[in-house]
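At position 29 of the sequence shown (counting the first as 1) the number is 815 in the working numbering, and the numbers step up by one without a gap.
Even glycine gets a Cβ: it sits at the ideal position worked out from N, Cα and C.
Notes follow once the structure below has been shown.
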Amino acid sequence: MESEYEADFALVSGFHKTALEKLGSIELELLPPAGRVIVMIWTADGIIGNGGLRYFFESDFHDGTPFTDFITAYAAIGAVDCANALRTALTLFPGGYPQHDLEERNELLDKLDDDKGPLGLLDTVFFQSSEENVGLLAAYLRVHQPEIDAFLKDP
787 MESEYEADFA LVSGFHKTAL EKLGSIELEL LPPAGRVIVM IWTADGIIGN GGLRYFFESD
847 FHDGTPFTDF ITAYAAIGAV DCANALRTAL TLFPGGYPQH DLEERNELLD KLDDDKGPLG
907 LLDTVFFQSS EENVGLLAAY LRVHQPEIDA FLKDP
């Protein structure tokens, strides 16, 4: 029998896959607002889960999505600890935002990222919230199901 987590994972993963197939790539501006939140968090959680906040901040998102939009998205699904951790992580950068120069940004990340460094400590918030975030995303998707269905049915 499928667990609640497995059902939630399948629901969110299925939407993410279908949305990307429909769009051909991650073009957030083409998604309805709820779909945008789901794809953003699913993508961010995957990136952070694979390499921590360092991996998340190592480069810009190809569509130019500001990092601050992810704070809003985490808050929208109720993942307040992750939203706050991401907000805190941004304060570690000069001016509160990652440098445009990727070499300069990665030099700073080298200083911030180890298990006991500030990014490493913030990573634990995401690692500990990963399973809960799947449930929050699934609940968010269910609440916004009409909007999601309309997007998926639209040619």
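| query | result |
| --- | --- |
| Using only CA atoms, which one of P818, A830, G810 and L816 lies nearest to S916? | A830 |
| Checking 8 Å against the spacing of the C-beta atoms, do L927 and I824 come in under that value? | yes |
| Which residues mark the beginning and the end of the alpha helix (DSSP H) in which F802 is found? | Rather than Phe, the amino acid found at residue 802 in this sequence is His. Start and end: E790 to L809. |
| Provide the residue span of the alpha helix (DSSP H) that contains K939, from first to last. | Q931 to K939 |
| So, under 8 Å CB-CB, A805 and L817 are touching, yes? Tell me the CB distance rounded to an integer number of Å. | 6 Å |
| Leaving out the 5 sequence neighbours to the left and right, which residues in its chain are closer than 6 Å to H999 when beta-carbon positions are compared? | Residue 999 is absent from the model: the chain starts at 787 and stops at 941. |
| Under the three-state reduction of DSSP, which class applies to P818: helix, strand or coil? | coil |
| Is V866 buried or exposed, if buried means 16 or more other CB atoms sit within 10 Å of its CB? | exposed |
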